[in-house]
Amino acid sequence: MYEIIEEIIRRAGALVLSAHDIEDSVREKTSHCDLVTRYDSMVQDQLYRELLEAFPEAGFYGEEGDFCSIEGKSAHFIVDPIDGTTNFIRHARHSCISVGYRKDGVMEYGAVYQPYTDEMFTAQRGKGAFLNKTPIRMRNVPLSESIAMFGSAIYYRETIPATARIMSELLPIVLDFRRSGSAAMDICYVAAGRADVFFEACIRPWDYAAATLIAQEAGGVISALDGTPLRYIDRCSVAVGSPLNYPELIEIAKKVANEPDMKGRIR
Ligand code: IPD
1030 MYEIIEEIIR RAGALVLSAH DIEDSVREKT SHCDLVTRYD SMVQDQLYRE LLEAFPEAGF
1090 YGEEGDFCSI EGKSAHFIVD PIDGTTNFIR HARHSCISVG YRKDGVMEYG AVYQPYTDEM
1150 FTAQRGKGAF LNKTPIRMRN VPLSESIAMF GSAIYYRETI PATARIMSEL LPIVLDFRRS
1210 GSAAMDICYV AAGRADVFFE ACIRPWDYAA ATLIAQEAGG VISALDGTPL RYIDRCSVAV
1270 GSPLNYPELI EIAKKVANEP DMKGRIR
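Quick note, the sequence shown lines up with residues 1030 to 1296 if you use the numbering used here.
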């Protein structure tokens, strides 16, 4: 099954690479910073057709809303056709296709494909995490030895003060920050030891579902920023770290969440 999914994702990657006149089709979704292009819909359309042709019993939960059909299905795909859409629009060559597979409420499989570098991050539950079929493992280091990646949750303006507060707590401790514009890639970078910890105050399932399984299978710990399980069918905050730095991150996030002017600012 998973080989077939990866072939389908690679074909979607070829469509991303073939994109031209991207700027002509940019439009705003929820706000001036939440952008979408015709390629987001085209890539999702192709993934929808090919995945459901191969696995007709599965549901589909994708970023470009028209395609959601998970009602009454015990298994479904969770799909971001282009994670890092703003990077895509700016030709930054740092965007990916993210496909998760969730069955009976459990993440069974995740693949995150970066077509520009031809990097395919994958994981099956209980079977480890891989980059182009080579096993990957997270570095188990404390925050003081960590590169921190984060997402700004920019579509949820109410979260901005909490993100800034967590950053102000982390910055004096960590080695440095990175912000790439693709949450799925960030989390895979943590899984592969290119960075060490990730957080975002509010993010949607297609941005984190596949990548968090990959991080977990690479030896990481994943949850919302209050330590509760990820929700998968709803937006929530996300924390990803190693056994050593994850508890430190959660402690900081909880401290920030309890400050009087931070109530409700972390999902
Ligand atoms: C976004 C990116 C970004 C993260 C946002 C996501 P999109 O996904 O992953 O890094 O900060 O929360 O929504 O909109 O490019 O698919």
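For glycine and all other residues, C-beta sits at the position ideal for the given N, C-alpha and C.
Phe1117 is positioned such that its CB atom lies no closer than 8 Å to that of Phe1179. Under DSSP, Glu1229 takes part in a beta bridge, and its partners are Val1267. One alpha carbon belongs to Val1203, the other to Gly1113, and they sit about 25 Å apart. When beta bridges are read from the DSSP output, Gln1075 appears opposite no residue. Contact check for Glu1092 against Pro1110 passes: the beta carbons are separated by less than 8 Å.
For Gly1129, the secondary structure class from DSSP, reduced to helix, strand or coil, is strand.
When distances are taken from the beta-carbon of Ser1211 to the heavy atoms of ligand 1, the shortest one is below 7 Å.
For Tyr1261, the shortest separation between its Cβ and any heavy atom of ligand 1 does not lie below 7 Å.
Counting only residues of its own chain and dropping the five nearest sequence neighbours on each side, Asp1133 has a CB closer than 8 Å to the CB of Ser1103 and Ala1104. Contact between the region 1169 to 1176 and the region 1060 to 1069 is not established, with fewer than three Cβ pairs separated by less than 8 Å. When the five nearest sequence neighbours on each side are left out, the beta carbons in the same chain lying within less than 6 Å of the beta carbon of Ile1033 are those of Ala1083, in order along the chain. Nearest in C-alpha terms to Arg1207, of all of Ala1220, Ala1224 and Pro1201, is Ala1224.
Here Gly1222 is near Met1167, since their CB atoms are less than 8 Å apart. DSSP places Ala1286 within a helical segment (H, G or I) once states are collapsed to three. In this structure, DSSP gives Met1196 a helical state, which the three-state scheme calls helix. Here Pro1085 carries a coil assignment [DSSP, helix/strand/coil]. Annotation for Tyr1275 indicates a beta carbon at 7 Å or more from all heavy atoms of ligand 1. By the Cβ neighbour-count rule, Ser1127 is buried, with 16 or more other Cβ atoms within 10 Å of its own. Relative to ligand 1, the nearest heavy atom lies less than 7 Å away from the CB of Asp1236. Using a Cβ distance threshold of 8 Å, Ile1243 and Cys1265 do not count as a contacting pair.
Pro1258 and Ser1252 have their C-alpha atoms spaced approximately 5 Å apart. When the beta-carbon positions are compared, His1123 and Met1214 come within less than 8 Å of each other.
At least one heavy atom of ligand 1 is found less than 7 Å from the C-beta of Ile1111. The shortest C-alpha to C-alpha distance from Lys1156 to any of Glu1137, Gly1293 and Gly1210 is the one to Glu1137. For Ala1239, the uninterrupted alpha helix (DSSP H) run begins and ends at Pro1234 to Glu1246, by DSSP. At a cut-off of 7 Å, the beta-carbon of Arg1233 counts as near ligand 1: some heavy atom of the ligand is closer than that. Taken atom to atom, the span from the alpha-carbon of Ser1070 to that of Ile1295 is near 29 Å.
Counting other Cβ atoms within 10 Å of its Cβ, Glu1288 stays below 16 and is therefore classed as exposed. Ranked by Cα distance from Gln1245, the first of Ile1232, Arg1233 and Tyr1275 is Tyr1275.
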